[in-house]
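Position one of the sequence shown corresponds to residue 122 (this note's numbering), numbered consecutively onward.
For glycine and all other residues, C-beta sits at the position ideal for the given N, C-alpha and C.
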Amino acid sequence: LKIYPLVEIIFLKIYPLVEIIFLKIYPLVEIIFLKIYPLVEIIFLKIYPLVEIIFLKIYPLVEILFLKIYPLLEIIFLKIYPLLEIIFLKIYPLLVIIFLKIYPLLEIIFLKIYPL
C-alpha cells in the first residue's frame with residue numbers, strides 16, 4: 122500500500138513527461154543531429170577554409186592596396202591633378218586662342234598663297 126502511491130506518481134506524473142520527452146523532444150534532437158549537424162559540418166569543413174583563404178590570402182592584398190597603392194593615388198590626385206587643372210584652365214584657353222587666330226592665317230596661306 123505504501124509503494125502503490127509512488128508507482129502511481131511515477132506512472133501518472135513522470136511517465137507522461139518521459140513520453141513527451143521521447144515523442145516530442147527526441148525527434149527534434151534527431152532532426153538537429155541528422156539535418157542541422159551536417160550543415161554545421163559543411164560550414165566548418167567547406168566554408169571555413171574559404172573564409173580562412175579570404176583572410177589569409179585576400180586580406181593582405183587589400184592591405185597592400187591600401188598601404189601601397191592608396192598613397193600613390195593620393196599623390197596622383199594631390200600632385201598631378203592640380204597640374205592637369207592648370208593645363209586645362211590656363212593652357213587650353215591659350216590653345217583655343219592660338220587656333221582661333223592662327224587658323225584663319227593658315228587658311229589664308231593655303232587658300233590664297235599656296236595655289237600660286
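Helix, strand or coil at residue i according to DSSP, with G and I counted as helix
i	result
Ile236	It should be pointed out that residue 236 corresponds to Pro in this sequence rather than to Ile. Of the three classes helix, strand and coil, the one that applies to Pro236 here is coil, per DSSP.
Lys211	helix
Lys123	coil
Distance between residue j and residue i (C-alpha atoms, nearest Å)
i	j	result
Pro170	Leu155	23 Å
Pro225	Pro214	17 Å
Ile130	Phe143	19 Å
Leu177	Lys134	57 Å
Phe198	Tyr191	10 Å
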